[in-house]
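If you're matching them up, the sequences are chains A and B in order. Take 1 as the starting number for the first sequence in the numbering used here and just add one per residue. Take 136 as the starting number for the second sequence in the numbering used here and just add one per residue.
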Amino acid sequence: MARKKESGYQNKKNWFEWTVFGVGLGLVMSILGYLVFKTATYTAGPPALFVEYFPEPGKYEPNRYHVILHNKGNETAESVTVELSLQKYGQEPETAELAFDYCPKESTREGWISFSTRPTPTDTVRTRVVSYDRP
Amino acid sequence: MKPTSATRPLRESLREYGRGIAGGLLFSFPLLYTMEVWWAGFIASSFQLILIILFTYLLLLGYNRYAGMHPDASWKDVLVDSVEELGLGFLLAFAMLLMLRRIELGSMSTIEIMGKVIIEAMVMSIGISIGTAQLGFKNGSEEEAEQEKKDLEKERQSGLVGLTVLGFCGAIVVGGNVAPTEEVLAIGLEAQPAHILAMALVSIAMCTLILFYANSQDPGSKNVQPDYITIALQTCLCYLIALGASAVLLWFFGRLEGVSLWTGFAQCIALGVLSSLGSSAGRLLIN
């Protein structure tokens, strides 16, 4: 502990302050270590988006689907538009779109869409990411 | 553990942390409630996040050296206190973002959470430093407190480096509240050259007014009338600090990417109106 008696200044840190300092130092070092690791292992590339979906009927929305957008890439995607289309006998009677402001790198975003017609077990629901920007 | 006479009582430490947390929240609440700041957290690369931690730490060192701590405090004390404030800033930013549901454990990735916390902790930790030093004064006898106050004043008023560091801190704290918003870009895009010129002139006039006519603590205005060269030099320095801080903030929030030189310049001048207030008046507030 630094002391400058000649000038009257004394560092008066007690055990509690040293504990806070220790926790702070540990936190800062851990964060920096993690970021250095992420920087060292970073590979440039566009966002890697894929969509997961499953039916999740609600009380007032019987044809509702739960949509989960994943970004496995190292870049954040902005203004992501996801389209879900209902396919019946080779036709596409209905499509629905879902917009996400952002899907950060290595993260997920969730949303729900509702079709006006009830999909039957023989129908197919297809999904695709229509567009996104680089922020 | 019972405190010895050489150490500060626990109650005083808690009071000091309380002041720091109050200061941190006071300066960072606008940023905690700004969408663009959350977005900047996950858009920034890991390398940019490292840079922002180092930049914040340097600002803390500067502030603590020239205003936050006793002038006789050694560099070791300054380094230790700055780490403490940075750590507290991270913890406080994490807690506030969790409360506001801006971070969700489980559904959000570590890097997304970390990005948001680091960006918010930047101003938070500077606020903690300012709050600890400024909101209230230390215990001890009246004479000791008075002497310490005088020593601090002497330290703050000496040297161009100290004034530059404090001006930069003030510009970052004040300008940082607006830099991430879309409004700065809108002003930069829509303003005509005449508007930009007016903003620059108003900023310079504000710097002069605050530095030499509203600041009774400044050495330039104490007892002696400053000459025109001193006024011109200090005003230019103050405005340049403001523009420098504005450029750093705009660069960090990605506002200078993919825009023309004129648009970038216009944004710097537009944000410079606030930053110049920070580098001149903010310098008094945090001083």
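Ideal Cβ placement from N, Cα and C applies to all residues, glycine included.
Own chain partners of residue i with C-beta closer than 6 Å, once the 5 adjacent residues on each side are dropped
| i | result |
| --- | --- |
| GLY442/B | Because chain B is modelled from 136 through 422, residue 442/B falls outside the range shown and cannot be assessed. |
| ARG200/B | VAL213 |
| ALA335/B | ILE404 |
| ILE307/B | ALA380 |
| ARG128/A | GLU83 |
| PHE54/A | HIS66 |
| ILE331/B | ALA401 and ILE404 |
| ARG134/A | none |
| LEU98/A | VAL67, VAL82, GLY111 and ILE113 |
Close Cβ partners of residue i (< 8 Å) along its chain, the five nearest in sequence each way excluded
| i | result |
| --- | --- |
| ILE156/B | LEU223, LEU227, ILE263 and GLY266 |
| GLY355/B | Because GLY355/B sits at a pLDDT of 48, beneath the cut-off of 50, its placement in the model cannot be relied upon, and the following sentence gives the value as read from the coordinates. For GLY355/B, where only same-chain residues beyond five positions count, the Cβ hits under 8 Å are LEU346, PHE347, PRO361, THR365, ILE366 and GLN369. |
| ILE187/B | ALA179, ILE253, ILE254, MET257 and PHE387 |
| PHE164/B | none |
| ALA326/B | MET334, ALA401 and ALA405 |
| GLY45/A | GLY73, ASN74 and GLU75 |
| LYS105/A | PRO47, ASN71, GLY73, ASN74, GLU75 and THR76 |
| PHE303/B | LEU194, GLY197, ILE376, GLY379, ALA380 and SER414 |
| GLU92/A | SER85 and LEU86 |
| TRP15/A | none |
| ASP123/A | LEU86, GLN87 and LYS88 |
| SER131/A | SER79, VAL80 and THR81 |
Selected residue, minimal CA-CA separation from residue i, among the options
| i | options | result |
| --- | --- | --- |
| GLU94/A | PRO121/A, GLY45/A, VAL125/A and CYS103/A | VAL125/A |
| GLY203/B | THR191/B, LYS211/B and ASP216/B | ASP216/B |
| PHE162/B | LEU145/B, ARG236/B, VAL296/B and GLY310/B | GLY310/B |
| CYS342/B | PHE303/B, LEU412/B and GLY159/B | LEU412/B |
| SER146/A | SER107/A, GLU61/A and PRO135/A | Here chain A has residues from 1 to 135 only, and residue 146/A is not among them. |
| LEU344/B | GLU325/B, GLU318/B, CYS371/B and ALA329/B | CYS371/B |
| SER229/B | ILE185/B, THR191/B, VAL394/B and LEU160/B | According to the sequence shown, residue 229/B is Phe rather than Ser. The shortest Cα separation from PHE229/B among ILE185/B, THR191/B, VAL394/B and LEU160/B belongs to LEU160/B. |
| TRP174/B | ALA96/A, PHE21/A, ARG64/A and CYS103/A | CYS103/A |
| THR120/A | LEU25/A, THR19/A and GLN87/A | GLN87/A |
| THR169/B | GLY399/B, LEU375/B, THR245/B and PRO315/B | PRO315/B |
| VAL20/A | GLU220/B, MET243/B and ALA416/B | GLU220/B |
| GLY158/B | ASP207/B, ILE261/B and SER242/B | ILE261/B |
| GLU171/B | VAL313/B, ILE339/B and LEU324/B | VAL313/B |
| LEU385/B | SER244/B, SER410/B, GLY297/B and TYR363/B | SER410/B |
| TYR190/B | ASP207/B, VAL383/B, GLY176/B and GLU318/B | Checking the displayed sequence, the identity of residue 190/B turns out to be Phe instead of Tyr. Considering only alpha carbons, the answer is VAL383/B. |
| ARG390/B | TYR363/B, TYR374/B, VAL319/B and ALA340/B | VAL319/B |
| VAL36/A | LEU166/B, PHE182/B, LEU167/B and MET234/B | PHE182/B |
| VAL218/B | GLU92/A, ASN14/A, ALA40/A and VAL23/A | VAL23/A |
| LEU324/B | LEU298/B, MET259/B, ALA340/B and VAL394/B | VAL394/B |
| ILE339/B | ALA416/B, TRP397/B and LEU295/B | ALA416/B |
| LEU295/B | SER244/B, CYS373/B and ALA349/B | CYS373/B |
Proximal residues to residue i (C-beta, below 7 Å), its chain only, five neighbours per side dropped
| i | result |
| --- | --- |
| TYR42/A | ASN74 |
| ILE185/B | none |
| GLY58/A | ARG64 |
| ILE248/B | ILE238 |
| ARG109/A | LEU69, PHE100 and CYS103 |
| ARG236/B | none |
Opposing strand residues paired with residue i [DSSP bridges]
| i | result |
| --- | --- |
| PRO55/A | TYR65/A |
| GLU110/A | ILE68/A |
| ASP133/A | GLU78/A |
| LYS88/A | GLN91/A |
| MET243/B | LEU240/B |
| ALA349/B | None, per the DSSP bridge assignment. |
| PHE100/A | VAL80/A |
| ARG126/A | SER85/A |
| LEU49/A | ASN71/A |
Residue i: CB within 7 Å of a non-hydrogen atom of the ligand ZN
| i | result |
| --- | --- |
| GLY399/B | Of the ligands one can find in the structure shown there are none, so the ligand ZN has no counterpart to examine. |
Run through the segment 299-339 of chain B for me and flag every whole alpha helix (DSSP H) of 4 or more residues, listed as ranges in chain order. 317-325
Touch check for the segment 142-153 of chain B and the segment 251-260 of chain B: three-plus C-beta pairs under 8 Å? no
With contact counted as at least three CB pairs below 8 Å, one residue from each stretch, are the segment 76-96 of chain A and the segment 23-33 of chain A in contact? no
Fully enclosed by the segment 156-236 of chain B, which alpha helix (DSSP H) runs are 4 residues long or longer? 170-178, 181-198 and 210-234
Inside the segment 364-419 of chain B only - alpha helix (DSSP H) runs reaching at least 4 residues: 396-412
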